[in-house]
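Protein chains in written order, with this note's numbering: chain A, 1 to 210; chain B, 211 to 348.
No residue lacks a Cβ here, since even glycine has one placed at the ideal position from N, Cα and C.
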Amino acid sequence: MTTGKPQERAYATAEEIGEAVESLTGAELGRIHRAAQYAMFGTEYTNPLELLGEAVLRTLEGVGVKKGRHWPKDVNFVAYIIRAMQSIADGSSDSIVQSQTVHIETMAGAGGDAELSLAQEGFSSPDVVEQAFEVEETTERQARAVADAALIEAHFAGDEEVQFLIMGDKDGMKPDEIRAVSGMDQTAYDTARRRFRRGLNTLMPGRNKS
Amino acid sequence: MKQSKESKEIGFIRARALDDLTNTNDEEIRNEYLEAGQDMAAVAKQTQDKLREVVAAGMRAKLASAKAAAKASAASQPANMTRPMMDRLKEIVAEAFLREPKVAMAFRDGKKQTDEDLATIYDDLVKMGIIKPEDHGN
C-alpha cells in the first residue's frame with residue numbers, strides 16, 4: 001500500500017493534447033462519443049459533444065496551472081477523456097486535492113496504474129466523491145437526474161433482468177451481488193448488460209443527438 | 211449540500227455503463243452503431259471536428275492570455291527606449307518634484323544623484339503615475 005505523497009508526473013501540454021486529438025482513430029472517436037452519451041445522463045448537458053468539449057476545454061485550461069484538470073501522459077488519452085467526462089457529470093470539484101491515499105487506492109481498485117493515475121488526479125467514482133467531498137448540486141441537475149432515471153426505468157419496464165441490473169446499479173451493488181439477488185448466471189447477466197447498454201444507446205431524453 | 215439520492219443513483223448507472231463500454235471491443239461498438247442505424251464514420255467525424263474546434267479555441271485563448279500578460283508586463287516596466295534624453299529627463303523629474311514635494315523628499319536622500327539614479331527615479335515616477343510620458347511627447 002502506498003502511503004506517501006503521490007509521485008510527480010508528467011502532464012500533457014496544449015500541443016500534446018492537440019496531437020492526441022489528431023491521432024484518434026475512427027473506432028476511438030466512436031467510443032468517445034458513446035461514452036459522452038452515457039456520461040450525459042442525469043446532467044444538464046443537452047448534447048454529448050457539449051460535455052466532451054467541456055472536458056477537453058477544462059484540460060486545456062489546466063495546462064501549466066496547478067488548478068484544474070490535467071492529462072497525465074502515462075494514461076491513454078481516450079481513457080483520460082472518458083473519465084474526465086464522467087467526473088464532470090458526477091459534479092466533482094475541478095480542483096480536488098486528495099490527501100488520503102487510502103481513498104486513492106480504494107478508487108484505483110484492480111484497474112492498475114492508469115486507474116491509480118486518474119484517481120490521483122481526482123477522478124473517482126461517485127461513492128468515493130461522496131465520502132471525500134461535499135458535492136454542490138444545482139436544482140436543474142437534480143431534476144435531470146430524476147427525469148433520466150425515470151426514463152431509463154420506463155424504457156426497460158418490460159425486461160425483468162435489466163430491471164435487476166438497474167436496481168443493483170442504483171444501489172452500487174457489485175456484479176456478483178446482482179447475480180446472487182437476481183438468480184442470473186454469468187451468461188444471462190452478461191447478455192442483460194449488453195441489452196441494457198444497447199438500450200441506453202437509443203435513449204436521448206429531450207436531447208440533441210449530435 | 212450533498213448529492214441527492216437520485217443524482218447518486220444515476221451516477222452509479224453512468225459509472226456502470228462506462229465500465230461496460232470499457233469492456234466492449236471496437237468491433238462490438240461498431241456493430242452497435244450499425245444496429246442502432248447510426249453511421250459511426252459520420253459520428254467519428256463530428257466528434258473529431260468538435261475536438262479540433264475546442265483545441266483551437268483553447269489555444270487561441272491561451273495565446274491571447276499570454277499576449278495580455280506580456281503587454282501588462284511591458285507596460286509596468288518602461289524600457290530605456292521610451293525615456294527622453296537625459297537633459298530633458300532631469301527637467302521632467304525636477305518639475306515632478308516641484309509639483310509633488312512629498313514625493314521629492316521620499317526620493318532624495320541627500321546624496322548627489324547620478325544619471326543612472328535619475329533614470330531609475332524617472333521610471334519609478336512613471337510607474338506611480340506622477341509622470342505621464344505622453345505629456346512629454348514620449
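Item: Short CB-CB distance (under 8 Å) between B:Tyr332 and chain A; Value: no
Item: Integer Cβ distance of A:Leu49 from A:Ala36, believed to fall under 8 Å; Value: 7 Å
Item: Opening and closing residue of the alpha helix (DSSP H) in which A:Arg58 lies; Value: Pro48 to Gly62
Item: Three-state secondary structure assigned by DSSP to A:Val129; Value: Note that A:Val129 scores 43 on pLDDT, short of 50, meaning its location in the model is unreliable; the coordinates nonetheless yield the value given after this. Helix at A:Val129.
Item: Neighbouring residues, chain B, relative to A:Val56 (Cβ below 9 Å); Value: Lys260, Leu261, Val264, Val265 and Gly268
Item: CB contact flag (A:Arg31, A:Val63, <8 Å); Value: no
Item: Spatial neighbours of B:Lys300 in its chain, beta-carbon cut-off 8 Å, leaving aside the 5 residues before and after; Value: Leu328
Item: Opposing strand residues paired with A:Tyr11 [DSSP bridges]; Value: A:Pro72
Item: Chain B contacts from the stretch 19 to 48 of chain A (Cβ-Cβ distance under 7 Å); Value: Val21, Leu24, Gly26, Ala27, Leu29, Gly30, Arg31, Ile32, His33, Arg34, Ala35, Tyr38, Ala39, Phe41 and Gly42
Item: Proximity test, Cβ basis, 8 Å: B:Lys281 and chain A; Value: no
Item: Nearest-angstrom beta carbon gap, A:Ile88 and B:Ile223 [assumed within contact, 8 Å]; Value: 16 Å between Cβ atoms; not a contact.
Item: Reference B:Ala304, options B:Ile340, B:Gln256 and B:Ala284, closest by Cα; Value: B:Ile340
Item: Classification of A:Thr43 by the beta-carbon crowding that lies within 10 angstroms, buried from 16 upward; Value: buried
Item: CB contact flag (A:Leu165, A:Ala145, <8 Å); Value: no
Item: A:Phe164 (DSSP reduced to helix, strand or coil); Value: helix
Item: Straight-line gap, A:Gly199 to B:Leu244 (C-alpha atoms, nearest Å); Value: 14 Å
Item: Chain B within 8 Å of A:Asp148, Cβ atoms only; Value: yes
Item: A:Gln142 beta carbon less than 8 Å from that of B:Ser214; Value: yes
Item: Where the alpha helix (DSSP H) containing A:Glu44 begins and where it ends; Value: Element bounds for A:Glu44: n/a, residue is neither H nor E.
Item: Residue environment, B:Lys342, which counts as buried when at least 16 other CB atoms sit within 10 Å; Value: exposed
Item: Under the three-state DSSP convention, the category A:Ile88 falls into; Value: helix
Item: Interface flag, B:Ser275 vs chain A, CB-CB below 8 Å; Value: no
Item: Supposed contact pair B:Val264 and A:Gly53 - C-beta distance, whole angstroms, cut 8 Å; Value: 5 Å
Item: B:Leu193 vs A:Arg197 beta-carbon contact at 8 Å; Value: With chain B running from 211 to 348 in the structure shown, residue 193 of chain B is simply not present.
Item: B:Ser217 burial status per 10 Å Cβ neighbour count (16 or more: buried); Value: buried
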